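Below is one structure; the comments refer to it alone.
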Amino acid sequence: MKKLYGKNEQTFQTDKSTVFTATGIIAMILLTITKVVPSSQIAGYSVFTGIAFFFIVEAVAKTRGAESGLRFHTVPADLKKPGVLLWMLLPVVSAIATLIVGNLIFGGEFVSHVMGRAGAFLSFNKIPLLIGQVVIAALSEEIAFRGFFAGKAMEIFPFWPCAVVSSVVFAAGHIAAGNAGLVAYDIATVFIDSIIYSIIYRKSGNCLICTFSHILCNATGIAAAFLFF
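Take the sequence shown: its letters are residues 266 to 494, numbered as in our numbering.
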């Protein structure tokens, strides 16, 4: 009888987790869709929604610390998992390549576009504040889009559909007003980076590892933009 009760309780928790996961993902998609108007600020709330649902789902599922998608104590071990470090460094190469190709195609207009988009959230003239903003932004986005959107969805669906859909939504959230070709290129590169972060999450199981990669990518892009472009 105890076994049956335990199974029923586990099934109930799984069903609730699935409902909360679906609800959170739908809410994030609907909020991001508002980016069809590039000046819309509502899309930014998709990140806060993802963070909230990440913790809600983990609480409902009674996820143990060792199985959480956000683990501080396993970072050293997670970094040593096969292929993790190599994938972590790939967005750094991507950041530089994005700027070089973007500059060749669009000239200085591309860097201006990206800096203008990011300037709405980052204080480029205050370095200590900028560092904190880059770290917080990366951590927030990784908990929302890798820890929750892709990560929790992967418990229900295969990896690639989850990675692609979450990356489409993540990239769409970065839409800003500008030349159509330039905006398309910008969003395409964000999509590629998001796929890489999803692969890192799959390999490490820890969105803190994705966060480190995300920080390195953004820091490299900002530094290169100021120094060389």
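Backbone N, C-alpha and C fix where the C-beta goes; we use that ideal spot for every residue, glycine too.
None of these values were measured; they are calculated from a predicted model.
Across the structure, V455 and F386 are spaced so that their CA atoms are roughly 17 Å apart.
Cα atoms of H338 and P347: separation of roughly 18 Å, rounded to the nearest angstrom. The beta carbon of T299 lies closer than 7 Å to those of S305, I307, A308 in the same chain, with the five residues before and after it left out.
The DSSP-derived three-state label of N483 is helix. V448: member of the alpha helix (DSSP H) spanning 445-469, first to last residue.
Close CB contacts of G486 within its chain, under the 6 Å cut and outside five residues either way in sequence, are with A360 (chain order). The beta carbon of G330 sits closer than 8 Å to the beta carbons of R336, H338 from its chain, once the five residues preceding and following it are set aside; these are given in chain order. With a 10 Å radius around the Cβ and a threshold of 16 neighbouring Cβ atoms, W352 comes out buried. Of the candidates V433, G289, T288, Y450, Y450 places its Cα closest to the Cα of H378. The alpha-carbon separation between F319 and F414 amounts to approximately 8 Å.
By the Cβ neighbour-count rule, I474 is buried, with 16 or more other Cβ atoms within 10 Å of its own.
Of the other Cβ atoms in all chains shown, fewer than 16 fall within 10 Å of the Cβ of N390; this residue is therefore exposed. The stretch 281-289 and the stretch 422-442 do not touch, with fewer than three beta-carbon pairs separated by less than 8 Å. Contact annotation: A436 and I316 have beta-carbon atoms that are not nearer than 8 Å.
The shortest CA-to-CA distance from G470 to any of G373, V399, P341 is the one to P341. It is roughly 13 Å from the alpha-carbon of D280 to the alpha-carbon of E323. Assigned with DSSP and collapsed to three states, P426 falls in helix. Rounded to the nearest whole angstrom, the C-alpha separation of S463 and I457 is 10 Å. A direct Cα-to-Cα measurement between G367 and R382 gives close to 15 Å.
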